[in-house]
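Protein chains in written order, with the numbering used here: chain E, 6 to 467; chain A, 3 to 286. Everything on this sheet refers to the single structure shown next.
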């Protein structure tokens, strides 16, 4: 896919990847073999009928193509951009062995962007599959379901339940819906107008969105039960930042990835001072960690004007959890990778971080994740001058709501335990996404939201 | 919702507003706060809930103009709507019958002290309140604090009202006269620090209410983190009240100024756009 030139793009927050033109999309779609027994669908956590929508693109029936995608996927413009298709649908594509897999992600994005560009803002009925029950008002309104947290899992669950005829309220603590899609993933990878559009589509299904509503504080679960909610879906995400656990991490200039990205993305700190939320960035930035979040932090830092931006990672490139595409983008943009390196201490002058002590690692025996364990090499400590440090070593479950729900079963990491039907230890309360799995991907959270919607339907409609 | 229904200037720097926020009123308790996001471009700021009127579904906030967001808020009038109000946030103050308690408030911190003092007195405590400001014109909520306290003491830097000097002078005096079960303290960081030092020297217990810069205020970003008793806490979800004897004030003071430079820039930008002169600067 064509992309903005790296030299150019590090000076702006515009989207990096341009998307396919109509000609490109049709040509790519025509490469599809339209397998009788398509294996790609099995690689899709939300079960999109992939060959069917690709066929419609090949036939230039773009509106039908996006409707086909939307039968299963409520966030196609998002998924077309941020899904790791290379590990999912495209990994299963038969053509992968012969030549190159069909670029399913780009085709999905093309269909979704086509709708957005034409602004076929859906009317309520447009996106209900034919099998769906009639909407509210025509018969008894369905039972009320509360979905807590409007990230990918919550949006998906809410949309699917609305399609089934339930009255869904989606509660969000921030002032915008979308969760990590809004506060976490930067504009240059996922433009916010795209997220807003998809949220609008979901609202048009009849989902009521309550922003600035922190369940556990603004209202309790008991309070919601009193208001008549019959089932709950907890999709509050991985909202607790992990810090490095080293001396000096409360110095000024040290951010959690969550803080840094929220300031930049949700609060539009990159437009400072037009937008007044501050985000200070030094000349030399060290981002600790090597997942997608770390790449986002590094690439934002570059765009905010940092001269030297480092990814500091304790293992090697092979073990980096980020998508290959994001690692390549980061390299193109001049991000420097310091591998087999672990921070051990931060030093500061007059309250601001200015040095990071690091130690070199060697790879030892594989650990429980199957990846070789990094082992510090004694005596290899050295000092790295830095002005900003961003901790992007993962996020845990935010305990705020969970500790207020009596009897809710949690594992030792604080994630919610669910059964095979996504139900928690509390009857009628379901959960899914990062709050259950720990920090994972957008699409896995969406898959969990979809599964939960099915289980909630079974639970309420038995 | 989020409509301003009352606006009163308490003095040239401090304004009181009642804002319709029925979703906040329902579960709000003394010591908790809200986050206001005044408009799309504004920073999210935490403000203590100074009072609530369940009938009108309104909360009271009191703020001092210190930067961009508070200046924006000051520009709004009765009938205007605030984009977003999130709350109630933070842990409520532990209100019970302690016996004899002292409440110490400085500057705009008095506003945050009021609901706490009131609730403590209602609970049957003997509440001695000590409030102060630079001069009598800057002292806020004198009448309200009188009603909310069993005894009210006042200090002004210039002696224009009450004791000439600091609230900490009066605090020391009270501690040497009598035993108190608990102290609640809100104000500028140096004032809270000094108050805690005196509490320690007199073997008194003290809770301080901290007012950190926050973003989401739901425990998601960690920008408001502070060290208390050697452990890291988030002011937004673990606080805002902490054991004053255990707070790392050096760190608190340092972290408080981490965006000082940017805040100056955005304030300048704001003033340019709104051609509004910062009152404090005009005076100087």
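Note that CB positions come from ideal geometry on N, CA and C, so glycine has one too.
{"query": "Report yes or no: do three or more beta-carbon pairs, one from the region 266 to 275 of chain A and one from the region 288 to 301 of chain E, lie closer than 8 Å?", "result": "no"}
{"query": "Cutting at 6 Å between CB atoms, please list the residues of its own chain near residue 212 (chain A), excluding the five before and the five after it.", "result": "237, 241 and 242"}
{"query": "From residue 185 (chain E) to residue 25 (chain E), what distance separates their C-alpha atoms?", "result": "25 Å"}
{"query": "Can you grab the Cα-Cα spacing for the pair residue 36 (chain E) / residue 175 (chain E), in whole Å?", "result": "40 Å"}
{"query": "What first and last residue would you give for the alpha helix (DSSP H) that runs through residue 348 (chain E)?", "result": "It is not in any alpha helix (DSSP H) - residue 348 (chain E) instead sits in the beta strand (DSSP E) that spans 346 to 354."}
{"query": "Taking only three categories from DSSP, how would you classify residue 187 (chain E)?", "result": "helix"}
{"query": "Report back the beta-carbon spacing between residue 345 (chain E) and residue 379 (chain E) to the nearest angstrom; my notes put them in contact at under 8 Å.", "result": "7 Å"}
{"query": "So, under 8 Å CB-CB, residue 11 (chain A) and residue 17 (chain A) are touching, yes? Tell me the CB distance rounded to an integer number of Å.", "result": "5 Å"}
{"query": "My guess is that residue 349 (chain E) and residue 251 (chain E) are in contact by the Cβ rule of under 8 Å, so how many angstroms apart are they, rounded?", "result": "6 Å"}
{"query": "Distance check for residue 343 (chain E) and residue 363 (chain E), CA to CA, integer angstroms please.", "result": "10 Å"}
{"query": "Against residue 268 (chain A), what residues of chain E qualify as contacts under a CB-to-CB distance less than 8 Å, listed in chain order?", "result": "277, 278, 281 and 283"}
{"query": "Helix, strand or coil for residue 442 (chain E) per DSSP?", "result": "helix"}
{"query": "Could you tell me whether the Cβ of residue 387 (chain E) comes closer than 9 Å to any Cβ of chain A?", "result": "no"}
{"query": "Per DSSP, residue 39 (chain A) is paired with what?", "result": "A:46 and A:86"}
{"query": "Name the DSSP beta bridge partners of residue 215 (chain E), please?", "result": "E:176"}
{"query": "Could you compute how far the alpha carbon of residue 370 (chain E) sits from the alpha carbon of residue 376 (chain E)?", "result": "8 Å"}
{"query": "Jot down the residue ranges of each uninterrupted alpha helix (DSSP H) in the region 113 to 162 of chain A, minimum 4 residues, whole runs only, in chain order.", "result": "144 to 150"}
{"query": "For residue 276 (chain A), count the other beta carbons within 10 Å of its own beta carbon; 16 or more makes it buried, fewer makes it exposed. Which is it?", "result": "exposed"}
{"query": "So, helix, strand or coil for residue 5 (chain A), using DSSP?", "result": "strand"}
{"query": "What does residue 296 (chain E) pair with, by DSSP beta-bridge criteria?", "result": "Answer is none; residue 296 (chain E) lacks a bridge partner."}
{"query": "Could you name the residues of chain E that residue 87 (chain A) contacts, counting a contact when the two beta carbons are closer than 7 Å?", "result": "217"}
{"query": "Where do the N-terminal and C-terminal ends of the alpha helix (DSSP H) with residue 421 (chain E) fall, by residue?", "result": "First-last for residue 421 (chain E): undefined, no H or E at that position."}
{"query": "When DSSP labels each residue in this structure, what does residue 194 (chain A) get in the three-state scheme?", "result": "helix"}
{"query": "Taking only three categories from DSSP, how would you classify residue 377 (chain E)?", "result": "strand"}
{"query": "Give the straight-line distance between the Cα atoms of residue 99 (chain E) and residue 326 (chain E), rounded to the nearest whole angstrom.", "result": "25 Å"}
{"query": "Would you mind telling me which residues of chain A sit closer than 8 Å to residue 272 (chain E), beta carbon to beta carbon, in chain order?", "result": "45, 46 and 217"}
{"query": "Counting only beta-carbon separations shorter than 9 Å, does residue 268 (chain E) have a partner in chain A?", "result": "yes"}
{"query": "Assess contact between the region 13 to 22 of chain E and the region 417 to 431 of chain E, defined as three or more Cβ pairs (one per stretch) separated by less than 8 Å. Is contact present?", "result": "no"}
{"query": "Give the straight-line distance between the Cα atoms of residue 215 (chain A) and residue 48 (chain A), rounded to the nearest whole angstrom.", "result": "8 Å"}
{"query": "Can you check whether the C-beta of residue 255 (chain E) is within less than 9 Å of a C-beta belonging to chain A?", "result": "yes"}
{"query": "Counting along the chain, where does the alpha helix (DSSP H) carrying residue 73 (chain A) start and finish?", "result": "70 to 77"}
{"query": "Using a 10 Å radius around the Cβ and a threshold of 16 neighbouring Cβ atoms, would you call residue 188 (chain E) buried or exposed?", "result": "buried"}
{"query": "DSSP beta-bridge partners for residue 371 (chain E)?", "result": "E:377"}
{"query": "Is residue 309 (chain E) helix, strand or coil by DSSP?", "result": "coil"}
{"query": "With distance defined between alpha-carbon atoms, name the residue in E:368, E:118, E:101 and E:155 nearest to residue 219 (chain E).", "result": "E:155"}
{"query": "Tell me which residues share the same chain as residue 178 (chain E) and place their Cβ nearer than 6 Å to its Cβ, disregarding the 5 neighbours each side in the sequence.", "result": "219"}
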